[in-house]
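These notes are about the structure you will find just below.
Numbering (the numbering used here), first residue to last: 1 to 252.
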């Protein structure tokens, strides 16, 4: 044998162990991981030629016979494995893109639905009227004014929660005084029954609040209630509206 030729064992492509070749069975098998390589004929000749044994600058591997078949088989398996992984990554990427698009579509529908719901709720709150007999309230400073229609009359209750002294007076839209209270009270209650000063259809009951301590001749605020009259009875009333001047109220 030439001194420049060295015999090297066949290497298992799975674990890197030395492959044992059975010439009678024409089979190469790794004793470590058990991987078998079926070949047409046993390995007869393979060698590695070195350009220089002591100082090898490059190595040329000359593979013949069954060794080539083993390497071709391993290369095919690796190519198929890479192809499968590439296809799986492509499928995963497409699935991720579809899920992302579906999520943003769902989020958009939910946001639009909440926006529409909020708009509808706002419109309902703005345009829903009050029914007769219900209590309706409004705050004037720290006092609470509530109005209620009962037995054809308008009952007004004012709860005073501050330490100020107030004077209250009720009158209609023509300025006719209906009732008044000129002393310091913690609350004010009045009952307005339609008379000949109220026309059929729509009328206005006005309560003026005066600051007695300031001795003001003009009211500090007005509470205006729009009432609906049938057969000289109040059948319904809107919420009280608090204004500083009657010119601020929009009569209809």
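A virtual CB, placed ideally from N, CA and C, is assigned to each residue, including glycine.
Given residue 189 as reference, the closest of 30, 208, 124 once Cα atoms are compared: Of 30, 208, 124, the smallest CA-CA separation from residue 189 is found for 208.
Exposure of residue 158, with buried meaning 16 or more beta-carbon neighbours within 10 Å: buried
For residue 80, three-class secondary structure by DSSP: In the three-state reduction of the DSSP assignment, residue 80 falls in the helix class.
When 147, 123, 235 are compared against residue 224, the one with the closest alpha-carbon: Check the Cα spacing between residue 224 and each of 147, 123, 235: the tightest is with 147.
Same chain, Cβ closer than 6 Å to residue 193, neighbours up to 5 away in sequence not counted: 153
Run of the beta strand (DSSP E) containing residue 28, from where it starts to where it stops: 27 to 29
Straight-line Cα distance separating residue 102 from residue 109: C-alpha separation (whole angstroms): 11 Å.
Residue 137 classed as buried or exposed, judged by whether at least 16 other C-beta atoms fall within 10 angstroms: Reliability fails at residue 137, whose pLDDT of 49 lies under 50, so the model's placement of it is uncertain and the value that follows must be treated cautiously. With fewer than 16 Cβ atoms within 10 Å of its Cβ, residue 137 is classed as exposed.
Status (buried if at least 16 other CB within 10 Å, exposed otherwise) for residue 149: buried
DSSP bridge partner residues for residue 158 (one or two, in chain order): Listed as beta-bridge partners of residue 158 by DSSP are 145, 188.
Inter-residue CB distance, residue 226 and residue 202 (contact presumed, cutoff 8 Å): 7 Å
Environment of residue 156 [buried if 16+ CB atoms lie within 10 Å]: Answer is buried; the Cβ neighbour count reaches 16.
Span of the beta strand (DSSP E) around residue 241: Per DSSP, the continuous beta strand (DSSP E) segment holding residue 241 begins and ends at 241 to 243.
Where the beta strand (DSSP E) containing residue 228 begins and where it ends: 221 to 230
Same chain only: Cβ atoms within 6 Å of residue 221, ignoring 5 sequence neighbours per side: 140, 209, 242, 244
DSSP three-state assignment for residue 34, whether helix, strand or coil: coil
Coil, strand or helix - residue 204 by DSSP: Residue 204: strand per DSSP, three-state reduction.
Beta carbon of residue 37 nearer than 8 Å to that of residue 15: no
Residue 237: first and last residue of the uninterrupted beta strand (DSSP E) it sits in: 233 to 237
Three-way DSSP call (helix, strand, coil) for residue 252 in this model: coil
Contacts around residue 229, its chain only, beta-carbon distance under 8 Å, and the 5 residues preceding and following it disregarded: Once the five neighbours on either side are set aside, the close Cβ partners of residue 229 are 194, 198, 199, 200, 201, 202, 203, 235.
Own chain residues within Cβ distance below 6 Å of residue 112, not counting five before or after: none
Burial state of residue 191 (16 or more Cβ within 10 Å): exposed
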